[in-house]
DNA sequence: TTGTACGCGTTATCAC
DNA sequence: GTGATAACGCGTACAA
């Protein structure tokens, strides 16, 4: 109720001991006689004392604080990550400072700069863009950084991401089980390193399962891109004509999309043109964008966000240890296959 | 790259001035000759200096930090609030410390205690439960608190919430326009003060529009409650039989549910029993639980979360002003009606 | 076991 | 305009 928070000196005075003893009694950093411990604790409670974490941080050169930097997604598909990170940190009595980033590089550097100024003990960052984030990660200097979700190559930061190989294997196996013979990939860009890796992994998994695989011309990995891809498919992609082997085109019977948005676009256009899904063509997505939703119309791969958050916290706290050798570690976690109505049951 | 962050003393030494001058040059708190300003800024940049916000906070007795306490919802329907609060604070260069609360009262008090220990300048809290939160709000002591979303009566905190009267008016008007004559309310508990207020507001709006209104026996305001309510409706609620005025029961042609979950349960059960929605009965919800989703099957009222976040920040920053009189202010914002397929177009 | 005194990095006060 | 210095609240090395 008082306007000023009581200080350790107030507690010590009330308990009739020195500030040193009061400090030791409350933190348990050194032995104090049982009698005085009790007196200090009573005084502390009576005064409503809350240790000043600011002063403590200044003295200890440690804030017990971690920064989390996320891209701003109105769909909120990262809230599961926030919650799991928050929970993991809370178990270690560490506070979470949250910042949102824009694609704008300068904003990202400012974000990290602000966290550095606050002397956070570590930073967990989901890089908003590959080029912008390299700079901001470098700006972190000596502060431990863990990247989560997306991933910028550096030699100094740990990272936790999806096990991409496992993801493609899972999806291809699912499709093969449902009788698929030939897959068309939509929304991945051969020119982008990460995408091209995914394509290669898909091709590998497909050939191992005896399936054919082709890649559609690139369209942006958003809803509009899916719609454009759907229209291309109907016009030229060997999906429009009902009988198999119509022209020289490949008789595609499955479409794998970069993410849920693309898949939604493709699905809508195909249905508009009377293409039966999943009877004639099955559709699946490589990336779940709405982990909250329970009813999935499209079969998709879900990021294990809670586990990723826990893992990021673990890496970060481990990197705080004095004897840490600072060799970049990369943890990958398996995605979860979420079956939807767009593939056969 | 160095392991230690440079301090103001380092900058001052490099620039050949005193720490006092360096401080003044960087903060602009007092005039410094142009020449020295330039030298200090150069030294600062050359050393990669970031002012230590911890030391500054200790000295100024102000952390430029605000705590946000939210209930843990895996649906993530509060992410819009987090984003808007974060954005509002960022404009004032204030950092956001995020904590999740449980229904457990002790946990909630601990949350606030941790924020007090960190000496946050203010707290924005969405009370997880009415009884638990009164205590934690009291624990905030002299720190300004703004409640958002839900609302615990206190005489000392500002709050921002939904304009409930406007909400009920909006929904009743929508239904009246669609030819509704008689409304049944589901999922609201007469025994709970807030719910009973809502029921009264609905009754008022209904009678003003010439509609009848009745309240179904209370079932929990979650999906299961909606299912139970749906079954009750089919069996006894005057919805199952097709012709109007079958028994003495009221010929209900609209159901207003406490929230989307309840509505989803009711909708599913009615459809299972062949009741045509919205042709025979229209369904609407008083509370949108998934502001992210674009396709709403149920007509609902959406909280203006972004505006609520902005308003909460505004109230909090205003309460930090020295001359603030600490009289509790309550801001209410109008919800947005989101039409779905469960009412006539 | 206990107390005294210093320093963490910054800003405000005071004297020049 | 500028510089020396005290103080913010705490933890701990040192002395007792």
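Protein chains in written order, with our numbering: chain A, 5 to 349; chain D, 5 to 349.
Yeah, the Cβ is synthetic: ideal placement off N, Cα and C, and Gly gets one too.
(message) Using CA atoms only, rank isn't needed, just tell me which of 326/A, 72/A, 218/A and 67/A is closest to residue 128/A.
(response) 72/A
(request) Would you kindly check if the distance between the Cβ of residue 89/A and the Cβ of residue 2/A is under 7 Å? (result) No answer is possible for residue 2/A: the residues shown for chain A start at 5 and end at 349.
(request) Could you give the DSSP three-state label for residue 286/A: helix, strand or coil? (result) strand
(message) On the criterion of 16 or more Cβ atoms from any shown chain inside 10 Å, does residue 8/D qualify as buried, or is it exposed?
(response) exposed
(request) Answer with buried or exposed for residue 315/A, where buried requires no fewer than 16 other C-beta atoms within 10 angstroms of its C-beta. (result) buried
(request) Could you tell me the distance, in whole angstroms, from the CA atom of residue 13/D to the CA atom of residue 155/A? (result) 37 Å
(request) Give the secondary structure of residue 110/A by DSSP, where H, G and I count as helix, E and B as strand, and everything else as coil. (result) helix
(message) So the candidates are 110/A, 108/A, 214/A and 286/A; which of them puts its Cα closest to the Cα of residue 189/A?
(response) 286/A
(message) If you reduce the DSSP assignment to three classes, tell me which class residue 103/A lands in.
(response) strand
(request) Would you please verify whether the beta carbon of residue 101/A is less than 7 Å from any beta carbon of chain D? (result) yes
(request) Just the chain D side, please: which residues come within less than 8 Å of residue 90/A by C-beta, in chain order? (result) 102, 103 and 104
(message) Taking 7 Å as the threshold (beta carbon to beta carbon), is residue 62/D in contact with chain A?
(response) yes
(request) Measure from the C-beta of residue 75/D to each C-beta in chain A and report whether the shortest distance is under 7 Å. (result) no
(request) Please report the residue range of the alpha helix (DSSP H) in which residue 305/D lies. (result) Premise fails: residue 305/D lies in the beta strand (DSSP E), 303-306, not in any alpha helix (DSSP H).
(request) Select from 46/A, 24/A, 82/A and 30/A the residue whose C-alpha is nearest the C-alpha of residue 18/A. (result) 46/A
(message) Quick check on residue 34/D: does DSSP put it in helix, strand or coil?
(response) coil
(request) Could you pull the start and end residues of the beta strand (DSSP E) that residue 126/A belongs to? (result) 126-129
(request) Drop a sphere of 10 angstroms on the beta-carbon of residue 231/D, count the other beta-carbons inside from all chains shown, and report buried for 16 or more, exposed for fewer. (result) buried
(message) Tell me the residue span of the beta strand (DSSP E) that contains residue 187/A.
(response) 186-190
(message) DSSP three-state label for residue 118/D, please.
(response) helix
(request) Classify residue 249/A as helix, strand or coil using the three-state DSSP reduction. (result) Unreliable placement is indicated for residue 249/A, whose pLDDT of 37 sits below 50; no coordinate value is reported for it.
(request) Would you mind telling me which residues of chain D sit closer than 7 Å to residue 67/A, beta carbon to beta carbon, in chain order? (result) 58
(message) So that I know if they touch, is there some Cβ in chain D lying closer than 7 Å to that of residue 324/A?
(response) no
(message) Could you check whether the segment 96-107 of chain D touches the segment 22-41 of chain A, counting it as contact only if at least three pairs of C-beta atoms, one from each stretch, sit closer than 8 Å?
(response) no
(message) Looking at chain A, is there any beta carbon in it that lies within less than 7 Å of the beta carbon of residue 120/D?
(response) yes
(request) Could you tell me how far apart the beta carbons of residue 174/D and residue 305/D are, in whole angstroms, since I believe they sit closer than 8 Å? (result) 7 Å
(request) Report the three-state DSSP secondary structure of residue 278/A (helix, strand or coil). (result) coil
(request) Spatial neighbours of residue 52/A within its chain, please: CB distance less than 6 Å, with the 5 preceding and 5 following residues excluded, ordered by chain position. (result) none
(message) So, at 6 Å on beta carbons, what are the nonlocal neighbours of residue 260/A in its own chain, with the 5 sequence-adjacent residues on each side left out?
(response) 187, 189 and 288
(message) Assess contact between the segment 217-237 of chain D and the segment 264-272 of chain D, defined as three or more Cβ pairs (one per stretch) separated by less than 8 Å. Is contact present?
(response) yes
(message) Just to confirm the assignment, what range does the alpha helix (DSSP H) spanning residue 163/D have?
(response) Per DSSP, residue 163/D belongs to no alpha helix (DSSP H); it is in the beta strand (DSSP E), 162-166.
(message) Can you pull the chain A neighbours of residue 117/D, defined as C-beta to C-beta under 9 Å?
(response) 54
(message) Rounding to the nearest angstrom, what Cα-Cα distance links residue 147/A and residue 269/A in this structure?
(response) 42 Å
(request) Could you tell me if residue 125/A is buried or exposed, where buried requires 16 or more neighbouring beta carbons within 10 angstroms of its beta carbon? (result) buried
(message) Rounded to the nearest angstrom, what separates residue 233/A and residue 220/A at their Cα positions?
(response) 8 Å
(message) Please list, in chain order, the chain A residues whose beta carbon lies closer than 8 Å to that of residue 123/D.
(response) 9, 56, 57 and 58
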